[in-house]
Amino acid sequence: MIAHKDLVPLGRVGDSPQETFVLNLGPQHPAAHGVLRVLLTMDGEWIQRAEPIIGYIHRMHEKMGENRTWAKFLPNTSRIDYLSAMHYTHAFVGAVERAAKIEVPLRAEYARVITSELNRISSHMVWWGALLLDLGGFTPILYAFDDREKILDLLEALCGARLTYCYYRFGGLYNDVDDAFLKGTRDFVAHLRPRLKMYRDLVTDNIILRKRLTGIGPISADLCRRYGATGPVIRGAGVAYDVRRAEPYSVYPKLDFKIPTYSEADSMARYLVRMDEMEESLHIIEQALDQIPTGPFLGKVPRVLKLPVGDTCYAVEAARGRFMVRIVSDGKEIPYRVKLRTPSFSNLSLYEEASKGMILPDALAMMGSLDLVIPDIDR
Amino acid sequence: MNPTLEQLTEHFKGLTAAAAVPADGPAESVSPTPVLVVVQAVDFALKGFHLDVAVGPAQVVAAAEVADRAGFGIDSITGVDWLAQNEMEVVYDFFHPTSPLRVVVRARVPRGSPELPTIGGVFPGANWHERETHDFFGIRFTGNPNLKPFLLPEDATFHPLLKDYKP
Amino acid sequence: MSLLTALRDTYSGFKSLLTGLRITAREASKPSITVQYPHETLKMPERFRGHVKLVLDPVTGKSRCTSCNLCVRACPSDCITVEGIKREGEKKKSVSEYTLDFTTCSLCGSCVEACPSDAIEYSKDYNVVSLHREDFSRMDLVKKLEAEAKVWAEKNPEAAAAAAAASAAAMAAAAAAPAKPAVAPAPASAATPTPTSTPAAAANPVAPVRSPEPKTT
Amino acid sequence: MSFLQIEPVRILLYLVGICAFVGANAAYLVLAERKGAGRIQRRPGPNEAGFGGILQPVADGIKLLAKQVMVPPGTDALLFRAAPLMVMAPPLMCLAMIPFSDSIVARHLNVGLLFVFSFGSINVMALMLGGWASRNKFAIISSARVVSQNVAYEIPMLLVVITLLMVTGTMDLNEIIHQQGGGIWHWNLFKVWVNPLMPVTFVIFFICMLAETNRAPFDMAEAESELVAGAFTEYGGMGFGVFFMAEYANIVVGCSLATVLFLGGWQSPIGVLSGGLWGAGWFLLKLYGLIFTVIWIRWTFPRTQFYSLLNLSWKILIPISLFTLLLTGAMMKLPVVYHQFF
């Protein structure tokens, strides 16, 4: 593990406090990806203190969970992080299944893995394009969206929605994966591999991008641990923490995949982790496509779902990191408490400490490398 | 570095013997609830975590220090409003970055004066989670420097996740 | 030595820039991938989840909805209102008003899943546009179904006639023995006007309680 | 004919022509840029206004003109209004010096190159004042960036030009072009026997030109994902429109200069057909080739960091251009020295 003090930010902390000014970055700012507001205390272009101010699109999903039945909360889960809706539904569905001891058919589990990984790739593609937009490169996002469109088309043909899928149900799926989808996914995997190489040639190897990300925004493993940052952030700090391994769920234990880690702990490391993850996801999808059995896609679920008293956790590896649902039931049809632990929230919480002494464009590059989705933070 | 479940259980049980005074912060304001620490290993496949630790509000910081020493990271902090028992539960989730272990620490505070020390000194990431919990439940974390509305509007004085909250 | 490294870095950096230029030039030579939306449109897939609509039963030319309210109960956003009436000669209730508040609908499809009689499905209509908020906040699905039924009857005159005949038969059976339930829901038709059919009802199909209006032309 | 030989009339006519040229270029380069970006990103670009989008600049212009020119409270109103004018004047003045063909030149001056550079440097002043007068933090940061960036890149650019001046021995732009006549191998770009690093010199000049005109990947001044719109944040309507047009006018000036200095200006690459309108044709061909490259580069690369931009200038470009300067001097003087002693 790299300690945070070993990683000196590329810059200096301003030493003349009377010369500082306050810059309001957001809530409407091109780099804020929505409505994040960062209150920057700056010394020239050097950031002395960056205080993220959140809550501009807070929707109180947790309260919504407390006044509707378990099944009625399902559509909400797609809307917390709209870019990795599959994972979020998976976590909620998983928590309820764990509490109610609902058996999920194997076919459904494999289908969940395939769709989740497709969703991860599409989410990473949006991140990739958005990061490049932050860095002033306008073309990659359109290339990424071209490929992402293919994923969205696949998922739309499968479950009817392009973004807020709401595809999983307690005990299985909303509808069966058809052969057209399986074949389309196979074709897509074959299509994406050369495209990923193109991404690498166009952007990853580009000297300007390397200069902009290498050594920028160091976030050490220890910092990640103390702030609870997970996902590509902690993997970019050299810790192979992946919920798919640490708390195995679904059929991930049956699948063979690597957890890409980079020990540099800078923005480039986080970038490379995500790029490698896309390839790993393709690898997982291929295996799942080979192994998916025939059979039912929906298990036996009681018509009126009442969960036993007590609390249950279920965590998944969402595209941005560890997403955990903690449900507390008091034996009724309606949840007593639904806690949504979102990765972006924790990943952003370290921003204030990590961005100290950075120059403005670097701080924005680092923010881009955190892959923030604001509804995910604000919930 | 990676602790086993047994070691952890021992560490957390040790809290009972340790002084129930937090490292810093006004310990007086914390109501002296039972010092007994209940440590319970649970089946991960059923619950989603390995160790369920119930502590008094005063021992929260000490429990967080145990978790910190064992290499845990802060996962989340949240509350549950138990209206019937007239209590509020604060739930601290910890994950371990290098070993598959999950620990849940719970502390119960009376509903009338929900107050307990912050663990921001141990886990700086707890700061935001505590602010969020304060927003939703009105639980005061003494020592947290920034307990102003966070996700709620900046002039919010209500706590929407309380069970008796009427919009 | 460091000078050499610097030169090598400069060279490889420059080369990476040229690679980037080559890639964009190659992409520029490929055909355009966009769809010129108003001029060309995409076909929605089979499972596309648009707003819900009432299914037109191809046998009877009417809705299958029995206004059992299961969809209302399944809806997470409480955006469905269903009113049903019990018509003469029918075993079950039939829908008279099905209003969708599309402004709060989250297109989750819980209603479609909950429906026991397959009476609602997703429409493939994705560009729903209107200048009036009421068209969304009170989306009248019965009205949409009626418009659809009109088209259907024009396209399939035999089926429509058969349905009308069946309904007439059912009506007659009901008139003969009111206790005996008719199997098929009874659509009214212009050919066999029911005594309760009034022009006012036809002109104002949104009225919650009314008699069955003429459907076939 | 005699009417045209009256000097003031001549100048007036040429200035009107240049204004029209710059205006048309600025308008249609925006369209070309958007079309080019579309092509690279595999979409058609603006294609609704007019036939295939040909009227898009007109529509944009009408939109900008119809907008109110707002002067936000607290700004330095005079400077705020003056900055767009100041930013547009230098490229117009510079283009008066550029020979489009042997005979088409607004004002023939034997220190044309000096004139172009002195006016080209005013451009940064306008951006700085516009940013300063806006009383906006993003704009002020942008102003500071513009100044340091332009100062940093003026130096290698001038060093490169001095290298070239040593080869040509004149500041007369038309004379420089005349020296490059007789085929592609006579262009300054390929005069490797004078200085083996001549292509490198051209690359340095081109990079500096990109940086001077604040084009991606060096668009520190605008940097929309960092500074919203940089110095133009507070400008709306035609105020912004003029800044926008000036950016393209500057590109035209920069690329014309590169054409004149390195690519033989209006000289034909095959050695014949350089006279009259042929020359103008060759010139425009080279000019738009370079401009296309500028557009291509913008839509390919991300933006550089500010400090690596300065590092590039001070640590790479200036040493290399100094070296080429030295090398050229040595190459030119060595034969003299040789003949003196042997």
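Protein chains in written order, with this note's numbering: chain U, 1 to 379; chain P, 1 to 167; chain R, 1 to 217; chain W, 1 to 342.
Where a beta carbon is used, it is the ideal one built from N, C-alpha and C, also for glycine.
Just so you know, these numbers come straight off a predicted model, no measurement behind them.
Assign residue i to buried or exposed, taking buried as 16 or more other Cβ atoms, counted over all protein chains shown, within 10 Å of its Cβ.
i, result
"Arg79 of chain U", "buried"
"Gln36 of chain R", "exposed"
"Gln56 of chain W", "buried"
"Val336 of chain W", "exposed"
"Leu118 of chain U", "buried"
"Pro218 of chain U", "buried"
"Leu7 of chain U", "Confidence in Leu7 of chain U is poor, its pLDDT being 43 and thus under 50, which makes the residue's placement unreliable; the coordinate value appears in the next sentence. Leu7 of chain U comes out buried."
"Arg64 of chain R", "buried"
"Gly289 of chain W", "exposed"
"Trp185 of chain W", "exposed"
"Thr194 of chain R", "Model confidence at Thr194 of chain R stands at a pLDDT of 40, short of 50, so the residue's coordinates are unreliable; what they give is reported in the following sentence. With 16 or more Cβ atoms within 10 Å of its Cβ, Thr194 of chain R is classed as buried."
"Thr4 of chain P", "exposed"
"Lys72 of chain U", "buried"
"Cys19 of chain W", "exposed"
"Arg102 of chain P", "buried"
"Tyr143 of chain U", "buried"
"Ser12 of chain R", "exposed"
"Lys35 of chain W", "buried"
"His178 of chain W", "buried"
"Trp193 of chain W", "exposed"
"Glu6 of chain P", "exposed"
"Thr233 of chain W", "buried"
Report the partner residues of residue i according to the DSSP bridge assignment.
i, result
"Ile327 of chain U", "U:Thr312 and U:Val338"
"Val104 of chain P", "P:Asp52 and P:Asp93"
"Ala117 of chain P", "Note that residue 117 of chain P is Pro in the sequence shown, not Ala. Answer by DSSP bridge pairing, in chain order: P:Thr142."
"Tyr168 of chain U", "U:Leu173"
"Val124 of chain W", "Answer is none; Val124 of chain W lacks a bridge partner."
Anyone know if the C-beta pair for residue i and residue j falls short of 7 Å?
i, j, result
"Phe301 of chain W", "Ile216 of chain U", "no"
"Ile122 of chain W", "Ser256 of chain W", "no"
"Ile176 of chain W", "Thr163 of chain W", "no"
"Pro248 of chain U", "Ser225 of chain W", "no"
"Val82 of chain R", "Asn69 of chain R", "yes"
"Glu280 of chain U", "Val189 of chain U", "no"
"Gly236 of chain U", "Val104 of chain U", "no"
"Ile374 of chain U", "Val35 of chain U", "yes"
"Gly275 of chain W", "Gly182 of chain W", "no"
"Gly160 of chain U", "Asp75 of chain P", "no"
"Thr139 of chain U", "Ile40 of chain W", "yes"
"Tyr98 of chain R", "Leu54 of chain R", "yes"
"Leu172 of chain P", "His134 of chain P", "Any question about residue 172 of chain P goes unanswered here, given that chain P covers just 1 to 167."
"Lys332 of chain U", "Leu161 of chain P", "no"
"Ser106 of chain R", "Ser130 of chain R", "no"
Mind listing the chain W neighbours of residue i? Cutoff is C-beta to C-beta under 7 Å, in chain order.
i, result
"Ala28 of chain R", "Arg39 and Ile40"
"Thr10 of chain R", "Ile316"
Determine the chain P residues that contact residue i at a beta-carbon separation under 9 Å, and present them in chain order.
i, result
"Leu350 of chain U", "Pro124 and Gly125"
Can you name the residues of chain R whose CB is closer than 9 Å to the CB of residue i?
i, result
"Thr300 of chain W", "Leu17, Gly20, Leu21, Ile23, Thr24 and Ala25"
"Trp296 of chain W", "Leu21, Thr24, Ala25 and Ala28"
List the residues of chain P that residue i touches, going by C-beta distances under 7 Å, in chain order.
i, result
"Ser346 of chain U", "Gly125"
"Ala354 of chain U", "Within chain P, no residue comes near Ala354 of chain U; the closest Cβ sits about 11 Å away, beyond 7 Å."
List, in order along the chain, the chain W residues whose C-beta lies closer than 8 Å to that of residue i?
i, result
"Ile33 of chain R", "Arg42 and Arg43"
Name, please, each residue of chain U whose Cβ falls closer than 9 Å to the Cβ of residue i.
i, result
"Leu107 of chain R", "Pro75, Gly160, Ala161, Thr164 and Cys166"
Is residue i a contact residue of the ligand ZN, with contact defined as CB to any heavy atom under 6 Å?
i, result
"Thr19 of chain R", "Within the structure as shown, the ligand ZN is missing, as the structure has no ligands at all."
Anything in chain U within Cβ reach of residue i, meaning under 7 Å, just list it in chain order.
i, result
"Val80 of chain P", "Val328 and Arg337"
Applying a beta-carbon distance threshold of less than 8 Å, which residues of chain R neighbour residue i?
i, result
"Leu202 of chain U", "Thr19, Gly20, Ile23 and Thr24"
request  = Taking only runs that begin and end inside the segment 92-164 of chain R, name each unbroken alpha helix (DSSP H) of 4 or more residues, in chain order.
outcome  = 110-114, 134-137 and 141-155
In chain order, each alpha helix (DSSP H) run of at least 4 residues that lies wholly inside the segment 257-316 of chain W = 276-298 and 306-311
Complete runs of the beta strand (DSSP E) confined to the segment 37-93 of chain U [at least 3 residues] = 37-43 and 46-53
key: Those runs of the alpha helix (DSSP H) which lie wholly inside the segment 160-197 of chain W and span at least 4 residues   = 173-179
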